[in-house]
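Data block below; observations after.
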Amino acid sequence: SEARKVSNRVKARVAEMDATIAKVGSDRSVISDYIQAGQEYLAENPDVGVPDPKAFAFDKARDRFQRRLSNLAALQVAREVSNNQIQLARSVACDMLDRHEQTDGVLVKVWRQFTLDLVTSKDLRPAQIAEAVKSHEALKRSLAEALTHHSA
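So the sequence shown is residues 1 to 152, counted in full-length UniProt numbering.
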């Protein structure tokens, strides 16, 4: 069914999010190592990259290196924020999948049984049966649309 296809696409997106979260976690330590190594280098070598005060220098290598370290720190913070957003999106997707599975596994089956009971009842008119079947189809369509809307 369409709802099952959408559910499978959401599961695939959750797997992609898991891979991204893992990659960001491994990159976090690499970036931290670079920042720490740069800071240690600057601390251990206070005169490296400092221009001669007597000479006119356009290139201030030490300042440029410190800016690069600051940019790496800003990059790390931005990646953390992105990682938190991905984790939140993953959580929402998992909740949505749980609700779909509960609905598909329990509520739709109960509704189907209710509809069958209506169909087999001798006291119902064809219009009532048609309305029950129409409601059942609307429920299934609504579930598929909800999954499609949230996974897009």
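Glycine included, each C-beta is placed from N, C-alpha and C at the ideal position.
Could you give the residue range of the alpha helix (DSSP H) that holds residue i?
i, result
"T103", "No alpha helix (DSSP H) contains T103, which DSSP labels as neither H nor E."
"L42", "2-44"
For residue i, which residues of its own chain have a beta-carbon under 8 Å away from its beta-carbon, when the five flanking residues on both sides are left out?
i, result
"V81", "none"
"L97", "S7, V10, K11, V14"
"G38", "F65, R68, L69, L72"
Within 10 Å of its beta-carbon, does residue i have 16 or more other beta-carbons around it, so buried, or fewer, so exposed?
i, result
"T120", "exposed"
"A3", "buried"
Give the single residue among the options whose Cα lies nearest to the Cα of residue i.
i, options, result
"R62", "V77, A73, A43", "A43"
"Q76", "Y34, H100, R64, D117", "Y34"
"A22", "D47, Y41, Q36, I86", "I86"
"D27", "D104, G105, N83", "N83"
"R79", "G25, D117, S135, H136", "G25"
Any chance the CB of residue i is under 7 Å from a heavy atom of the ligand HEM?
i, result
"L143", "With respect to small molecules bound, the structure shown includes none, and the ligand HEM cannot be examined in it."
Could you name the residues of the same chain whose beta carbon sits closer than 6 Å to that of residue i, not counting the 5 residues immediately before and after it, in chain order?
i, result
"Q66", "none"
Note down, in chain order, each residue of its chain lying with its Cβ closer than 7 Å to the Cβ of residue i, except the 5 sequence neighbours on either side.
i, result
"T20", "I86"
The segment 102-121 contacting the segment 58-73, beta-carbon criterion three pairs below 8 Å | By the Cβ test, the segment 102-121 is not in contact with the segment 58-73, since fewer than three Cβ pairs between them sit closer than 8 Å.
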